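Right, one structure below, let's go through it.
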Amino acid sequence: RVKPAYWAMSHAFAPRLVTVQPVAGGGLEVRVVNDTDEVLSGELRLRRLSYGGEELATAAVLVEVAARTVAQVPVPVHVSDSGDPSREFLEARLDVLGDHWFFAEPRDSGLVEPNLAVCVEATDSGWVARVQAKNLARDLTLLVDQVDPAAEVDDGM
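Residue numbers (my numbering): -4 to 152.
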C-alpha cells in the first residue's frame, strides 16, 4: 500500500515543480524546476494572500525554462514583504504547478481552527472524498487506511 510519505516524496521529486525559497541576505525567489526533455514556459503568477483569502499583492512573470534546468525568479519586494507575517502567505503558480510560502511557522502564526467538513461519496471506481475548510487549512492528509486497511488515496499534499 502507498503511504502518505510516498506522495510527499513524489511531489518533491516531480520532474517539474515550482518551489518558493529564501534568498541569502533576505527576500524570496521562485525556483522553477524542469527535469524533462521539453521546454517549460508560461506565466508565473505570484500572490500574497491573507489567511482569510484577501489578495494583498500580485505579480506575473513570463518564464521559459530550458530542458533539464532550473530557473530562479526573484519575487518582487511588494509581494515578498509581508505586512503581517503571522497572517499572510505567498502563492506561486505556473499552470498546474504551484507552491506556498508561509512567513511564520505554524506555532507562531495566526492560524485558527480550519473547521473542516468532509463528504464521502461512492462512485463506480471507488470513493471520492471532498473536504471543505471554512478557514485556511495549511496541510491536510487523508489517512484512509485508518478507516479501512485496504483503502488507498490517489494523491496527497
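No residue lacks a Cβ here, since even glycine has one placed at the ideal position from N, Cα and C. All of these numbers come straight from a predicted model, not from anything done at the bench.
Next on the checklist: Runs of 3 residues minimum, wholly inside the region 91 to 116: which ones carry the beta strand (DSSP E) assignment?
Outcome noted: The region 91 to 116 is shown to contain whole beta strand (DSSP E) runs of 3 or more residues at 92 to 97, in chain order.
Checklist entry - Using DSSP with H/G/I as helix, E/B as strand and the rest coil, what is P144? => result The residue you call residue 144 lines up with position 149 of the sequence shown. Coil at P144, not helix or strand.
Checklist entry - Could you check where the alpha helix (DSSP H) with P(-1) kicks off and where it finishes? => result Taking the sequence shown and counting its residues from 1, one reaches residue -1 at position 4. Note, P(-1): alpha helix (DSSP H), P(-1) to A7.
Next on the checklist: Assuming the contact rule is C-beta atoms closer than 8 Å, T136 and P(-1) should be a hit. Round their C-beta distance to whole Å, please.
Outcome noted: The residue given as residue 136 occupies position 141 in the sequence shown. The residue given as residue -1 occupies position 4 in the sequence shown. That belief holds up - the Cβ atoms of T136 and P(-1) are roughly 5 Å apart, short of 8 Å.
Checklist entry - Are L12 and L85 closer than 8 Å when you measure CB to CB? => result Mapped onto the sequence shown, residue 12 falls at position 17. Mapped onto the sequence shown, residue 85 falls at position 90. One thing to note: L12 has its Cβ no nearer than 8 Å to the Cβ of L85.
Checklist entry - What residues are listed by DSSP as bridge partners for T118? => result Sequence index remark: in the sequence shown, residue 118 carries index 123 (1-based). For T118, the pairing in a beta bridge is given by DSSP as G121.
Item to check | Residue range of the beta strand (DSSP E) that includes S75 | outcome: Numbered from 1 along the sequence shown, position 80 holds the residue referred to as residue 75. Per DSSP, S75 is not a residue of any beta strand (DSSP E); the alpha helix (DSSP H) it occupies stretches across V72 to S75.
Next on the checklist: In the DSSP assignment, the beta strand (DSSP E) including S36 goes from what residue to what residue?
Outcome noted: To locate residue 36, count along the sequence shown from 1; it is residue 41. For S36, the enclosing beta strand (DSSP E) starts and ends at L35 to S45.
Next on the checklist: Give me the DSSP bridge partner(s) of P69.
Outcome noted: Here residue 69 corresponds to residue number 74 of the sequence shown, with the count starting at 1. According to DSSP, P69 bridges with E24.
Item to check | Q43 and S81 closer than 8 Å at C-beta | outcome: Indexing the sequence shown from 1 puts residue 43 at position 48. Indexing the sequence shown from 1 puts residue 81 at position 86. Contrary to the premise, residue 43 reads as Arg rather than Gln in this sequence. No, the pair does not count as a contact, with Cβ atoms beyond the cut-off.
Item to check | Cβ-Cβ distance between G121 and W2 below 8 Å | outcome: Taking the first residue of the sequence shown as position 1, residue 121 is located at position 126. Taking the first residue of the sequence shown as position 1, residue 2 is located at position 7. Cβ atoms of G121 and W2: not closer than 8 Å.
Checklist entry - Cα separation between V142 and R(-4)? => result Against the sequence shown, residue 142 aligns to sequence position 147. Against the sequence shown, residue -4 aligns to sequence position 1. Those two C-alpha atoms are separated by around 14 Å.
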